[in-house]
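K.L.:
Numbering (this note's numbering), first residue to last: 6 to 324. Note that the Cβ used here is the ideal one computed from N, Cα and C, for glycine as well.
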Ligand code: NAP
Ligand code: GLV
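1. Return the Cβ separation of residue 276 and residue 264 in integer angstroms, given the expectation that the two are a contact with Cβ distance under 8 Å.
2. Return yes when the Cβ of residue 210 is within less than 8 Å of the Cβ of residue 242, no when it is not.
3. By how many angstroms is the C-alpha of residue 49 removed from the C-alpha of residue 217?
4. For residue 226, name the three-state secondary structure that DSSP assigns.
5. List the whole-angstrom C-beta distance separating residue 155 from residue 208, where the pair is believed to meet the contact cut-off of C-beta under 8 Å.
6. On a Cα-Cα basis, can you pick out the residue from 176, 23 and 93 that is closest to residue 10?
7. Flag residue 81 as yes when its Cβ comes closer than 7 Å to any non-hydrogen atom of the ligand GLV, and as no otherwise.
8. So does the segment 22-36 actually touch the segment 296-304, counting three or more Cβ pairs closer than 8 Å?
9. Within 10 angstroms of its Cβ, does residue 117 collect 16 or more other Cβ (buried), or is it exposed?
10. When every heavy atom of the ligand GLV is checked, does at least one fall within less than 7 Å of the C-beta of residue 292?
11. According to DSSP, residue 60 sits in a beta bridge with which residue or residues?
12. Assuming contact is defined by CB atoms lying nearer than 8 Å, are residue 90 and residue 65 in contact in what I supplied?
13. Just the Cα atoms here: how many angstroms apart are residue 192 and residue 219?
14. Among the candidates 198, 188, 59 and 221, whose CA atom is the shortest distance from the CA of residue 19?
15. Should residue 289 and residue 122 be called a contact, given that it needs their Cβ atoms to be closer than 8 Å?
16. With distance defined between alpha-carbon atoms, name the residue in 166, 170, 262 and 151 nearest to residue 189.
17. From this set, 170, 179 and 195, which residue's C-alpha is nearest residue 186's C-alpha?
18. Return helix, strand or coil for residue 42, following the three-state DSSP convention.
Below, the structure written as structure tokens:
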């Protein structure tokens, strides 16, 4: 019976995840049954022994080396790069990460960015650099309309943290939601109306064929003049060129971007120095091995007992 784990991540060293998993999976022999791809090609092990792959942005084709996979566990929330791999082994369940720390840290990021724009700290930052002492008119929080695209695990938690400030909150999702105090818009038919009532737009969508480029010249222009855009979903959801046009013509007042079409952003990209863009390097919320280890261990046990793992990705919707 295959019963070895393989870790595949071209970016993150395996040690952090192995060290977090060792104490919560005492039944696993991490010396003989935990392999790190592709290093393990040089060691004595049989890829046929691997039943579960733990992955973060594996390279296309990596997973096809393991013929007996029972499941793939993604060590982050977004599964877009995995689903884009045409060689993904057919029929093998894919599990995504839902973890309280990942959720909490995203909400911190969103609250910080929303308050930053709402309280005009981006303008005060510039005023300090200009030695300019003035008061700016401050709109009341109760009048400020925040709109969140994506009301899943992260979007719903962001709502929970923003609501106590008193913002008028709406969400846009594929299916209708009933969340106290939140206006629910759903489906493409309602997108225009949702955008038209949104002063601060937050994108927390998964990247799928439907959400690719969803914020483009047409939809960005449907936001009210002076709106702000916060993107911590995926870079390809915003047409970067169109966003730059809307920022430069003053329709969009500012953007806080954590994710980009090309990561890292090329050194010569105009994004880096744009006065209306705040850049962070895809750090809105980083997976915490320490926090996520228990859930991952539980899923490994479920898979090995032949049970359905928690937090399965739906291959039809792509998230
Ligand atoms: P989730 O729980 O799967 O929720 C996704 C939400 O998006 C759902 O509300 C879903 O609608 C909505 N949605 C999907 N496709 C849609 C469409 N075509 N039209 C309208 N709404 C649509 O995902 P999550 O855990 O909240 O994570 C969201 C994304 O955040 C991830 O996929 C990842 O790309 C990104 N992320 C970024 C970072 C970072 O550091 N920047 C960290 C973690 C995650 P329904 O509810 O109706 O299904
Ligand atoms: C990070 O971007 C994630 O999807 O977890």
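P.N.:
In this structure, then:
1. The sequence position of residue 276 within the chain shown is 271, counting from 1. The sequence position of residue 264 within the chain shown is 259, counting from 1. In this structure residue 276 does not touch residue 264 by the C-beta definition: roughly 12 Å separates them, more than the 8 Å allowed.
2. Working through the chain shown from its first residue, we reach residue 242 at position 237. Working through the chain shown from its first residue, we reach residue 210 at position 205. Contact: yes.
3. In the chain shown, the residue the question calls residue 217 occupies position 212. In the chain shown, the residue the question calls residue 49 occupies position 44. Computed Cα separation, rounded: 42 Å.
4. By 1-based counting over the chain shown, the position of residue 226 is 221. Looking at residue 226 - three-state DSSP - the assignment turns out to be helix.
5. As a first step, residue 155 is located in the chain shown; it is residue number 150 there, counting from the start. As a first step, residue 208 is located in the chain shown; it is residue number 203 there, counting from the start. Rounded, the Cβ-Cβ distance is 7 Å, consistent with contact.
6. Your numbering for residue 10 matches position 5 in the chain shown. Ranking 176, 23 and 93 by Cα distance to residue 10 puts 23 first.
7. The residue you call residue 81 lines up with position 76 of the chain shown. Yes; taking the cut-off as 7 Å, the Cβ of residue 81 has a heavy atom of the ligand GLV nearer than that.
8. yes
9. In the chain shown, the residue the question calls residue 117 occupies position 112. That one is exposed.
10. Working through the chain shown from its first residue, we reach residue 292 at position 287. Flag set: Cβ of residue 292 near the ligand GLV.
11. Counting from 1 along the chain shown, the entry for residue 60 is found at position 55. For residue 60, which the question treats as bridged, DSSP gives the partners 13 and 79.
12. Residue mapping note: residue 90 aligns to position 85 of the chain shown, counting from 1. Residue mapping note: residue 65 aligns to position 60 of the chain shown, counting from 1. In contact: residue 90 and residue 65 (Cβ atoms closer than 8 Å).
13. In the chain shown, counting from the first residue as 1, residue 192 sits at position 187. In the chain shown, counting from the first residue as 1, residue 219 sits at position 214. Taking the straight line from one Cα to the other gives about 12 Å.
14. If you number the chain shown from 1, residue 19 lands on position 14. Cα-wise, what sits closest to residue 19 is 59.
15. Stepping through the chain shown from its first residue, residue 289 is reached at position 284. Stepping through the chain shown from its first residue, residue 122 is reached at position 117. Contact flag unset, no.
16. For this step, residue 189 is matched to residue 184 along the chain shown. Minimum Cα distance to residue 189 is reached at 151.
17. Counting from one through the chain shown, the residue named residue 186 turns up at place 181. The option with the nearest alpha carbon to residue 186 is 170.
18. One-based indexing of the chain shown puts residue 42 at position 37. Residue 42: strand per DSSP, three-state reduction.
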